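Just so we're on the same page, the numbering used here is the position in the sequence shown counted from 1, plus 1198.
Even glycine gets a Cβ: it sits at the ideal position worked out from N, Cα and C.
Computed from a predicted model, the values in this text were never measured in an experiment.
Single-structure report; data block below.
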Amino acid sequence: MKYKPLSIIKAVVCLAFGPALLLNPGFVLGMFGVDFCEAASLPAKEYGAALLGNMLLAFLSRNAEPSKVRKAIIWDLFIYDLAALVAVTILQLQGSMNFMGWGVVFIYLFFSVFYGILLLPKKSAS
1199 MKYKPLSIIK AVVCLAFGPA LLLNPGFVLG MFGVDFCEAA SLPAKEYGAA LLGNMLLAFL
1259 SRNAEPSKVR KAIIWDLFIY DLAALVAVTI LQLQGSMNFM GWGVVFIYLF FSVFYGILLL
1319 PKKSAS
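Take a look at the structure:
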């Protein structure tokens, strides 16, 4: 997958969840079977803010030409998605989320794989 469509998909996914986590984290966490308490409010809202930041980064850089800056953006999104993949997979395997949690695992797997592929060296024509 090329950078532009991947970044647009990333921005749309982040837009779907970021504002919802900021405004109503209990509802969003409840969809995934996670018990919401006052202690969960701050990290859930911070996660929503992080998603909005990723949305802006992905969307505003969608037309970036191949460069060191675009490579740094890809590294940032790859590491973010890979770390989140590990975290949500552990939570899912521990039974902390309901079946819908596998959707979150899949989303992070998707972005980790495709941003990772963009980091692979390009084969030169011989």
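Alpha carbon of residue i to alpha carbon of residue j, nearest angstrom
i       : j       : result
Leu1291 : Gly1299 : 10 Å
Asp1233 : Thr1287 : 18 Å
Asp1279 : Cys1212 : 12 Å
Ser1322 : Arg1268 : 20 Å
Pro1223 : Glu1236 : 10 Å
Leu1318 : Val1303 : 23 Å
Lys1200 : Met1253 : 17 Å
Gly1301 : Phe1276 : 18 Å
Asn1261 : Phe1215 : 23 Å
Leu1289 : Gly1314 : 23 Å
Endpoints, alpha helix (DSSP H) assigned at residue i
i       : result
Cys1212 : 1201 to 1221
Residue burial classification, residue i (beta-carbon count within 10 angstroms, cutoff 16)
i       : result
Pro1203 : exposed
Leu1249 : buried
Asn1296 : exposed
Gly1251 : exposed
Leu1221 : exposed
Ile1272 : buried
Gly1231 : exposed
Gly1246 : buried
Neighbour flag for residue i against chain D, beta carbons, 9 Å
i       : result
Gly1299 : Any reference to chain D falls outside this structure, which holds one protein chain only.
Q: Can you check the region 1254 to 1310 for any alpha helix (DSSP H) of at least 4 residues that lies completely inside it and give the ranges in chain order?
A: 1266 to 1291
Q: Count the C-beta pairs between the region 1252 to 1263 and the region 1208 to 1217 that are closer than 8 Å, then say yes if the count reaches three, no if not.
A: yes
Q | Contact the region 1308 to 1318 vs the region 1274 to 1284: 3+ CB pairs below 8 Å | A | yes
Q: Indicate whether the contact test is met: 3 or more Cβ pairs, each with one atom in the region 1242 to 1249 and one in the region 1221 to 1228, closer than 8 Å.
A: yes
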